[in-house]
Each structure stands twice: as structure tokens, then as C-alpha cells.
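In my numbering, the protein residues as written are 12 to 231. Okay, structure first, notes after.
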């Protein structure tokens, strides 16, 4: 065997070893990525968790009249792990460590997606804000949160209240109507009630466009 032949064979073997190592490293990295995403994917696809959602494929949304303390027995709560898997935001605080806490988050509805996405809604109640909201979440098929928006809310304390409810007018357009009123204790000043409409358009990639417009203002 000539020297040139030996050099060629050695070069081919080196390339094969490098290629094998690169391919093996790629497989390891892919496995690690899958392992990282697995908790989120399981949360969104798992049949048990799917059964945790109270409703399916809702078109209209409005906050219910169930008292906050009684929702624990009606809806399924998110625990701390599920909370961070759902919101995927480290700035969000999980406030339900205590059994007596009413700052809770619940599975609400699973929605059939027309965009090859995972679409779910979650009900949250916040004592510090005097609010409960239903949030519409859009995830890609790997379980990564792309966007979320409010589909219904009810807030109020003292003289202030805000009510929002809405519906899908087609597969990609959601219209939210809001009534906002601050009742001042000053008997001389009049109260102003503001009515607004927020239109949310969901794109195929999960991104959203929102437009808010004033419908009417009423003085009482």
C-alpha cells in the first residue's frame, strides 16, 4: 500500500470519526432540548391535564359569578410547577402556597386551534388587584408560549368597577367589550362611564394585533 493511499484512508477515517462525533453531539443536544420541553408538552397534551380543563372550544367568554372561595371545588387549580409552565415568565409570582390563599389560577378551557398551535385559557383571581381574568394562551407545538390576551375580566373595589366580556366573530378575530366606571365620593362631580372595544386578531404564527377604540362615554 502506497503512502498516498494510507494518507487518503486516514483522512477518510478522520472525517468519519468527526462526522460521527458531531452527529452524536447533535443527538445529545436534541435530547436535552426535548427533556427541557417535556414538562410543558406533557402539561398541554397529557390526557389527565386535558381533563382538568372545565370547558372546551368556547366562543364567548365572561367571568362567572362563582364566589372566589368556592372555585377551588369547581375548577382545577394550577400548582406551583404548572403555574410556571403555563405562564413561562419568571417575573410572575406564585401566590398560592397557602391553602387559605385566594390568589389562585385555574384550568379553564381547551380550544381547538385552526393555526396548528396549542390554544388554552386559564382563569386567574388576584386579591391585590380586586380582579379576576380569563386569559387566552397561544403556544407553539413545542409548548413555548407565544402570546396571551384577556378574553374576559371583572375588577372592582369601592366605587370602581370594570367589566369585560367578548366573543370570537371568526376563527382569528376576538372582540372584547369593556365597561369602565369610577364612582367618585365627591357628590358634586359626576361619574363617567367609558365603553371601549378591543379587537384582537390572531395570526397563523400565534402573534397578535390589537386595536382599542372608544365606543361611548356616559355621564351620570
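Just so it is clear, CB atoms sit at the ideal spot from N, CA and C, and this is done for glycine as well. Keep in mind the model is a prediction, meaning the values are calculated, not measured.
For residue j and residue i, the rounded distance between their alpha carbons
i	j	result
residue 160	residue 227	23 Å
residue 220	residue 148	14 Å
residue 186	residue 208	7 Å
residue 86	residue 79	11 Å
residue 84	residue 65	12 Å
residue 118	residue 200	42 Å
residue 99	residue 202	39 Å
residue 49	residue 192	Reliability of the predicted coordinates at residue 49 is poor, the pLDDT of 49 falling under 50, and the value obtained from them is presented with this limitation in mind. About 44 Å.
residue 61	residue 229	43 Å
residue 72	residue 175	9 Å
residue 116	residue 184	25 Å
residue 224	residue 150	27 Å
residue 95	residue 102	10 Å
residue 153	residue 77	34 Å
residue 63	residue 172	30 Å
Check whether residue i and residue j have beta carbons under 8 Å apart
i	j	result
residue 114	residue 138	yes
residue 163	residue 145	yes
residue 218	residue 129	no
residue 141	residue 170	no
residue 131	residue 215	no
residue 143	residue 189	no
residue 70	residue 155	no
residue 105	residue 91	yes
residue 222	residue 210	yes
Burial state of residue i (16 or more Cβ within 10 Å)
i	result
residue 282	There is simply no residue 282 to check, as the chain begins at 12 and stops at 231 in what is shown.
residue 121	buried
residue 134	buried
residue 231	exposed
residue 89	buried
residue 67	exposed
residue 108	exposed
residue 93	buried
Paired residues, beta bridge with residue i - DSSP
i	result
residue 188	176 and 208
residue 265	Only positions 12 to 231 of the chain appear in the structure, and residue 265 is not among them; the question remains open.
residue 227	206
residue 3	No answer is possible for residue 3: it lies beyond the span of the chain, which begins at 12 and ends at 231.
residue 167	172
residue 137	142
residue 222	210
Uninterrupted alpha helix (DSSP H) stretches inside the region 58-135 (no shorter than 4 residues): 58-61 and 91-98
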